Amino acid sequence: MSVRVLDSWALLAFLKGEPSAEEVGGLLKSAAQGRDRLLMCVINWGEVYYSFMKAGGREAAESAASDISRMPIEIFPVNADLELVRQAASYKAQYKMSYADAFAAALSKEKKAELVTGDPEFKSVEKEVKIRWLK
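Numbering-wise (our numbering), the sequence shown opens with residue 69 and increments by one.
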């Protein structure tokens with residue numbers, strides 16, 4: 069079973085029907101069938117939520133949140149996981165990337181999972197995290 073971390077870029081592409089939606093849909097189908105495990109950091113979930121809120125208001129954000137809740141994605145909490153936060157902070161300090169992206173990278177590293185994204189900010193961590201590049 070493969071473990072993958074979805075960055076907000078990947079989930080937004082799926083929800084908005086962008087070119088990478090089909091590939092992300094295949095990963096969701098595989099996870100629904102129990103062949104793969106999909107994770108997403110709660111910080112990246114928040115990034116998806118605020119993207120929809122900014123574009124379409126609270127109703128659009130709540131609709132997206134409802135859609136995500138029915139997907140086979142485990143939302144990984146940060147809680148008191150200081151090692152995850154430390155790794156994310158380290159990535160943010162070392163590389164040009166958003167703090168939310170740093171959490172996706174840190175979760176991928178912690179879980180030894182492939183990071184699924186199309187966001188070029190992640191090029192800086194390619195030597196530390198395996199990345200599945202979406203187009």
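Backbone N, C-alpha and C define an ideal beta-carbon position, used for all residues, glycine too. Bear in mind that the values here come from a model prediction, so they are computed numbers and not experimental data.
Check                                                                                                        : Outcome
Delimiting residues of the beta strand (DSSP E) encompassing Arg200                                          : Ile199 to Trp201
Outcome for Arg72 when other beta-carbon atoms lying within 10 angstroms are tallied against a minimum of 16 : buried
Buried/exposed call for Glu194, threshold 16 Cβ in 10 Å                                                      : exposed
Sub-8 angstroms separation of Leu107 and Leu95 beta-carbons                                                  : no
Member of Ala100, Ala161, Arg154 and Ala157 whose CA lies at the smallest distance from the CA of Ser32      : No statement about residue 32 is possible, as the shown extent of the chain runs from 69 to 203 and does not include it.
Span separating the alpha-carbon of Ala172 from that of Leu183                                               : 7 angstroms
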